[in-house]
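Those protein sequences? They're chains A and B, same order as listed.
Counting the first sequence from 1 gives a position; this note's numbering is that position plus 4.
Counting the second sequence from 1 gives a position; this note's numbering is that position plus 20.
Glycine included, C-beta positions come from ideal geometry on N, C-alpha and C.
No experiment lies behind these values; they were computed from the predicted model shown.
In what follows, a structure is listed as structure tokens, so that the remarks can point back to it.
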Amino acid sequence: MAAEPERQTEDPRTRIHGWGADLDLRNRPAVPKEAPSDVHTLRGKLPPRQVPTVKIHQSIEHDELPPVFGTSCPPKGLSGVLRDVAYRYSEGRLAHWMTLMLADRVDVYESLLTDLTQGKVPHPMKERGWKTRMTHKTADRLNRQRNKIVAVGAVVALAGVAAYVMTRMDDDDD
Amino acid sequence: MRAMTYRGPFRVRVDDKPTPEIEHPLDAIVRVTRAAICGSDIHLYHGMVPDTRVGQTFGHEFTGVVEEVGAGVQKLKAGDHVLVPFNISCGTCWFCSRELYSNCHNSNPNATAVGGIFGYSHTTGGYDGGQAEYVRVPYADVGPTIIPEGIHEEDALLLTDACPTGYQAAEMGDIKEGDTVVVFGAGPVGLFAARSAWLFGAGRVIVFDHLDYRLDFARRFAQCETVNFLEVEDPVVYIKKITDGFGADVCIDAVGCDAAGSMLQTVTGMKLKLQAGSAVAVQWAINSVRKAGTVSIVGVYGPTFNLVPIGNVVNKGLTIRANQCSVKRHLPRLFEHVLAGRLKPREVITHRFSLEEIPEAYRIFTAKLENCIKPIVIPNAA
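Pasting the structure below:
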């Protein structure tokens, strides 16, 4: 077992600037945990309503659209159909979330096709920040171990494929 | 305008997008002057958050200058220099009226479990974020706060999420004078949680991580003890040993669903997606806190379920406190702390990138390259 971390013996009262500044409960912003309020309805006094200009998915646990919502990336294509399906289920259902995850993956390929049809050639290496990846060594030991396992695995797999191909070629020669 | 866009797991780029417009009378359009990449953006980047759509702009930590306001906005005007909390909150619902701004019921059509958040998938409302030149800011009279005189812009940037989240983590720990506080994770939120624990009167603060450079940083920044869990056979037993067999009074999970440290959790949570990410940190927190202690969770997890030892929570009589941070609630006190020099948020910033360099920024941050703690982005129009 590793040694105990070097214990700081000096009293934090003298060592730490600001020690105990919020020790008194009255200084803590979240005391009381819930600030008093006379609002008793879930939505309170409703602000004016935003008018949807694109399709907005709504959780079936909401009784109506909230007054404000984001309009980024409206649903499209097959991924949009999958999202429609997902939003038929409540937030407590695995079907809701797993269908959304599936839609996300489909969206990636759909968007790749859209890029290509619009003459935009994606640059996956650049998008993945490979310039940095190739020139820097991670400080994350677990990542380094994983990278080694992946590299060794790739070499073994390639060697296996090469051996298989060579064996087949030998068979063909026979 | 130029904006970061998500293209799929591990892929981001900078695209031309339409400049956002007022869509609601309480909106403002803000020209972004600083944006940060948050540890929780990594969960999006890894494709772990459901309903993360290709083309969305991430970024929920940003400051900027108000360019335009909707007809109903009363507190802001063009030219105001503001910090924008990551929560989108109406200010009037049952939750906001109790200062639970992260739980706002009027800002997220896609889910009821969480309020709206900038640039954080459609699970939190489908809003574009601030890693762009401009951003639409709804409910502009509630969240955006004019940066007070004497507060540096980059301190203000850190006050939009990372610093108040760490502070709230410590506050939710209900720390008593002399308590031993263990923080899992030496990322920016963990660093702020550790630093804040002293403000609440902790007697001992210990940070766990597996990255030596982050632990070195934690010792300097938070003046705490540190442990590299890769050098410890069993972190739970280790914590018991260094607390006279008692366990820590308070444990804080500042890691969330990308946690390292358990092959089982990594494979089931991060590779196979059989649970909502890897729950190593919260598992260690529950098991290493003392009986009747408090576990405070601010690490982000997915919406389905995780493998956690709930039986131990019952048997040990634990209190679990958890929430997304209600930034607006903490700002007045945090401004005081920053002005008094008790907190120095911008000290965690290690990297500054132009917007065009954002794919490299994500790579450096997620792969823990160049001793990165906190990267920020300076848009072209800043």
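If we count the other Cβ atoms within 10 Å of its Cβ and call it buried at 16 or more, is residue i buried or exposed?
| i | result |
| --- | --- |
| B:V358 | buried |
| B:E153 | buried |
| B:F325 | exposed |
| A:Q122 | exposed |
| B:E197 | exposed |
| B:S60 | buried |
| B:I330 | exposed |
| A:P9 | buried |
| A:P16 | buried |
| B:R215 | buried |
| B:D264 | exposed |
| A:L98 | exposed |
| A:D174 | exposed |
| B:V134 | buried |
| A:P128 | exposed |
| A:A158 | exposed |
| B:N400 | exposed |
Name, please, each residue of chain A whose Cβ falls closer than 9 Å to the Cβ of residue i.
| i | result |
| --- | --- |
| B:G146 | I60, H61, F73, G74, T75, S76, C77 and P78 |
| B:H357 | G22, A25 and D26 |
So which residues on chain B does residue i lean against when the C-beta distance must stay under 9 Å?
| i | result |
| --- | --- |
| A:A34 | E119, Q188, E191, M192, S346, R349 and H350 |
| A:V112 | R27, G28, P29, R31, G67 and V74 |
Can you tell me which of the three DSSP states residue i falls into?
| i | result |
| --- | --- |
| B:K293 | coil |
| B:V270 | strand |
| A:K130 | helix |
| B:Y107 | Correcting the residue identity first, residue 107 of chain B is Asn in this sequence and not Tyr. DSSP places B:N107 in strand when its eight states are reduced to three. |
| B:K311 | strand |
| A:V89 | helix |
| A:S83 | helix |
| B:D36 | strand |
| B:P184 | helix |
| B:Y159 | coil |
| B:N343 | coil |
| A:A167 | helix |
| A:H100 | helix |
| B:M24 | strand |
Return the CA-CA distance between residue i and residue j, expressed in angstroms with no decimal places.
| i | j | result |
| --- | --- | --- |
| B:A55 | B:H80 | 8 Å |
| B:G210 | B:K95 | 33 Å |
| B:P406 | B:S141 | What is shown of chain B runs 21 to 402, which leaves residue 406 of chain B out entirely. |
| B:T165 | B:E87 | 15 Å |
| B:M290 | B:M283 | 10 Å |
| B:P184 | B:L363 | 11 Å |
| B:I396 | B:I57 | 6 Å |
| B:C124 | B:W114 | 8 Å |
| A:S83 | B:G28 | 13 Å |
| A:G81 | A:V165 | 38 Å |
| B:V315 | B:T339 | 6 Å |
| B:T370 | A:A107 | 36 Å |
| B:V34 | A:P79 | 21 Å |
| B:V52 | B:D100 | 12 Å |
| A:Y113 | B:A312 | 50 Å |
| B:A222 | B:A301 | 21 Å |
| A:H100 | B:T143 | 11 Å |
| A:V43 | A:V89 | 35 Å |
| B:R234 | B:I226 | 13 Å |
| B:A91 | B:L178 | 30 Å |
| B:E356 | A:S76 | 36 Å |
| B:T246 | B:L120 | 32 Å |
| B:Q151 | B:D181 | 15 Å |
| B:D278 | B:Q303 | 13 Å |
| B:I171 | B:A274 | 26 Å |
Mind pulling the chain B residues with CB within less than 8 Å of residue i?
| i | result |
| --- | --- |
| A:I20 | W218 and Q243 |
| A:R30 | Result: empty, since nearest Cβ-Cβ is about 11 Å, beyond 8 Å. |
| A:A158 | By Cβ distance, chain B contributes nothing, its closest Cβ being about 17 Å from A:A158, past 8 Å. |
| A:V125 | Chain B residues near A:V125: none, gap ~12 Å exceeds 8 Å. |
Counting only Cβ pairs nearer than 8 Å, list the residues of chain A close to residue i.
| i | result |
| --- | --- |
| B:K291 | Under the 8 Å cutoff, chain A gives no residues; its nearest Cβ is about 11 Å from B:K291. |
| B:Q76 | S76 and C77 |
| B:G163 | Those within 8 Å of B:G163 in chain A number zero; the least Cβ separation is about 12 Å. |
| B:A133 | E95 |
For a contact defined as C-beta to C-beta under 7 Å, what are the partners of residue i on chain B?
| i | result |
| --- | --- |
| A:R47 | C113, H125 and N126 |
| A:L104 | P70 and D71 |
| A:R11 | E245 |
So which residues on chain A does residue i lean against when the C-beta distance must stay under 7 Å?
| i | result |
| --- | --- |
| B:G361 | H21 |
| B:T324 | L98 and W101 |
Check each residue of the region 26-38 of chain B: if its Cβ is closer than 7 Å to any Cβ of chain A, include it; give the result in chain order. R27, G28, F30, R31, V32 and R33
Residues of the region 129-141 of chain A with Cβ closer than 7 Å to any Cβ of chain B, in chain order: K130, E131, R132, G133, K135, T136, R137 and H140
If contact means a Cβ-Cβ distance below 7 Å, which residues of the region 99-110 of chain B contact chain A? C110
For the region 373-397 of chain B, enumerate the residues whose C-beta is nearer than 7 Å to any C-beta of chain A, in chain order. Here the close residues are P379, E380, Y382, R383, I384, A387, K388, L389, E390 and N391.
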